[in-house]
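What follows is a set of notes on a single structure, which appears directly below.
Protein chains: 2
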Amino acid sequence: MSRLSRDDVIEAAGRLFAKQGYHATSMRDLGGELGILGGSVYAHVSSKEELLVEVVQRAGRLFGESAEQAMSSSEHPEDQLKALIRGHIGVVLDHRDEAQTFLNEATALGESNRQAIVGERDTYEALFRSVIADGITEGAFRSDLDANLAATFVLSILNAIERWYRPDGRVDPASLTNDLHRFAISGIS
Amino acid sequence: MSRLSRDDVIEAAGRLFAKQGYHATSMRDLGGELGILGGSVYAHVSSKEELLVEVVQRAGRLFGESAEQAMSSSEHPEDQLKALIRGHIGVVLDHRDEAQTFLNEATALGESNRQAIVGERDTYEALFRSVIADGITEGAFRSDLDANLAATFVLSILNAIERWYRPDGRVDPASLTNDLHRFAISGIS
DNA sequence: CCTACCGATCGGTAGG
DNA sequence: CCTACCGATCGGTAGG
Numbered sequence: 001m002s003r004l005s006r007d008d009v010i011e012a013a014g015r016l017f018a019k020q021g022y023h024a025t026s027m028r029d030l031g032g033e034l035g036i037l038g039g040s041v042y043a044h045v046s047s048k049e050e051l052l053v054e055v056v057q058r059a060g061r062l063f064g065e066s067a068e069q070a071m072s073s074s075e076h077p078e079d080q081l082k083a084l085i086r087g088h089i090g091v092v093l094d095h096r097d098e099a100q101t102f103l104n105e106a107t108a109l110g111e112s113n114r115q116a117i118v119g120e121r122d123t124y125e126a127l128f129r130s131v132i133a134d135g136i137t138e139g140a141f142r143s144d145l146d147a148n149l150a151a152t153f154v155l156s157i158l159n160a161i162e163r164w165y166r167p168d169g170r171v172d173p174a175s176l177t178n179d180l181h182r183f184a185i186s187g188i189s
Numbered sequence: 190m191s192r193l194s195r196d197d198v199i200e201a202a203g204r205l206f207a208k209q210g211y212h213a214t215s216m217r218d219l220g221g222e223l224g225i226l227g228g229s230v231y232a233h234v235s236s237k238e239e240l241l242v243e244v245v246q247r248a249g250r251l252f253g254e255s256a257e258q259a260m261s262s263s264e265h266p267e268d269q270l271k272a273l274i275r276g277h278i279g280v281v282l283d284h285r286d287e288a289q290t291f292l293n294e295a296t297a298l299g300e301s302n303r304q305a306i307v308g309e310r311d312t313y314e315a316l317f318r319s320v321i322a323d324g325i326t327e328g329a330f331r332s333d334l335d336a337n338l339a340a341t342f343v344l345s346i347l348n349a350i351e352r353w354y355r356p357d358g359r360v361d362p363a364s365l366t367n368d369l370h371r372f373a374i375s376g377i378s
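Protein chains in written order, with the working numbering: chain A, 1 to 189; chain S, 190 to 378.
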């Protein structure tokens with residue numbers, strides 16, 4: 001056993017925050033997960049909230065990068081929407097702990113930190129809205145359903161995936177992407 | 190100010206559990222909300238978890254009653270699905286605190302209590318699956334999308350409503366029901 | 001429902 | 001990263 005890195009500590013924190021929640025996780029729990037004492041965690045970070053900030057920021061960065069890549073992958077709203085869906089699913093499934101903490105524990109952040117990541121999330125969600133709105137303008141999607149509401153529905157499905165998806169289950173990521181995309185597209189086109 | 194009833198206490202607990210989360214709510218917080226001391230809450234309940242159990246059970250009962258009513262309102266899967274959607278939205282919007290606690294804080298329950306309400310929830314969700322499956326059998330819905338996945342998508346949207354819905358916003362319950370129903374139906378028919 | 005309190009646990013620190 | 005500890009807060013109780 002070599003010494004722990006700061007990354008090891010943040011990763012373990014993400015694991016526990018995702019599984020038990022932020023408030024139900026003590027610094028002694030985290031120490032136990034790492035094989036050290038609770039007080040020793042303070043050799044790597046200066047507060048418990050700093051850990052939550054780091055975990056949530058990682059997820060925020062992953063979602064942001066995914067969105068950037070999805071938007072530049074095509075000029076067509078239909079393809080952009082599919083890429084956004086595929087990317088979101090990828091982030092949620094490849095970084096479950098961070099994503100779960102981001103989605104469920106961000107409320108535990110202090111005011112200023114919380115507002116910062118809410119801002120990030122709003123920017124991300126606005127992309128879904130504008131892509132759907134563009135698709136309506138271009139005639140690719142139908143126009144009787146509000147673009148904002150459609151985006152909210154799609155994001156609701158995406159954000160719930162971590163609540164039911166099992167990696168060893170019958171659904172694989174690629175077909176989930178296809179099925180969700182088809183479901184969404186049928187709903188709006 | 191007359192004396193508080195046990196119902197008053199459970200209601201206040203639901204309010205705080207929904208807003209701050211179970212673990213972030215102390216018995217002293219709850220006392221403060223009620224104008225009494227933290228220790229005095231134990232004149233009405235015998236433990237903090239009992240409060241959570243009561244709040245979550247109330248929500249469970251409401252969802253169960255809504256489902257029962259929806260199923261007996263028609264024989265046609267299409268109408269039953271719409272009634273299920275309408276009922277779920279009604280519960281979430283008319284009993285926000287209980288519904289929110291049910292959806293977000295059930296993980297804080299002890300093992301046996303948690304398994305009991307997970308069972309209730311599974312029964313409830315199974316209704317959505319079977320209604321959609323029936324609709325496929327009868328030819329009312331299309332059959333290229335798995336009924337289980339479609340039910341999961343619809344429930345994902347329903348369960349996310351408490352996260353974004355604002356009573357003073359532009360969306361009213363009836364049109365939300367219509368829009369979601371149309372979105373779902375397009376996705377499966 | 002209050003007074004007065006209990007043991008346990010919490011986040012965090014000084015010094016090594 | 002450990003030892004040894006701090007003040008604060010937690011869920012909960014006996015007795016009135």
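Don't be surprised by glycine CBs; every beta carbon is placed ideally from N, CA and C. Since the structure is predicted, the reported quantities are computational estimates derived from the model, not experimental observations.
CB phenylalanine 102(A) to CB isoleucine 85(A), shorter than 9 Å? no
Quick one: grab the DSSP three-state call for aspartate 29(A). helix
Could you spell out where the alpha helix (DSSP H) holding isoleucine 199(S) opens and where it closes? 195-209
For the segment 49-56 of chain A against the segment 9-17 of chain A, are there 3 or more C-beta pairs whose distance is under 8 Å? yes
Considering just the uninterrupted stretch of the alpha helix (DSSP H) at serine 112(A), what are its terminal residues? 111-137
Would you please verify whether the beta carbon of leucine 344(S) is less than 9 Å from any beta carbon of chain A? yes
Given this structure, state the Cα-to-Cα distance separating glycine 253(S) from methionine 71(A), to the nearest angstrom. 42 Å
Rounded C-alpha distance that separates phenylalanine 330(S) from alanine 322(S): 8 Å
For tyrosine 231(S), name the three-state secondary structure that DSSP assigns. helix
Output yes if chain A places a C-beta closer than 9 Å to the C-beta of alanine 349(S); else output no. yes
Distance, alanine 126(A) Cα to asparagine 367(S) Cα: 23 Å
Here's the rule: buried if 16 or more other CB atoms are within 10 angstroms of the residue's CB, otherwise exposed. What is glutamate 309(S)? buried
Check glutamate 264(S) in the structure and name its three-state DSSP category. coil
What residues of chain S sit near aspartate 168(A), judged by a beta carbon separation below 7 Å? The premise fails here: aspartate 168(A) is roughly 16 Å from chain S at the closest Cβ pair, so nothing lies under 7 Å.
Comparing the C-beta of glycine 21(A) with each C-beta of chain S, is any distance below 9 Å? yes
C-beta neighbour in chain S for threonine 123(A), strict 9 Å: no
Residue span of the alpha helix (DSSP H) that contains arginine 355(S), given as start and end: No alpha helix (DSSP H) contains arginine 355(S), which DSSP labels as neither H nor E.
What residue from Ile161(A), His181(A), Ser156(A), Arg3(A) has the CA that sits closest to serine 40(A)'s CA? Arg3(A)
Quick one: grab the DSSP three-state call for phenylalanine 224(A). Outside the displayed span of chain A (1 to 189) sits residue 224(A), for which this structure offers no information.
Could one say the Cβ of threonine 107(A) lies closer than 9 Å to chain S's Cβ atoms, at least one of them? yes
Reduced DSSP secondary structure (H/G/I, E/B, other) of aspartate 335(S): coil
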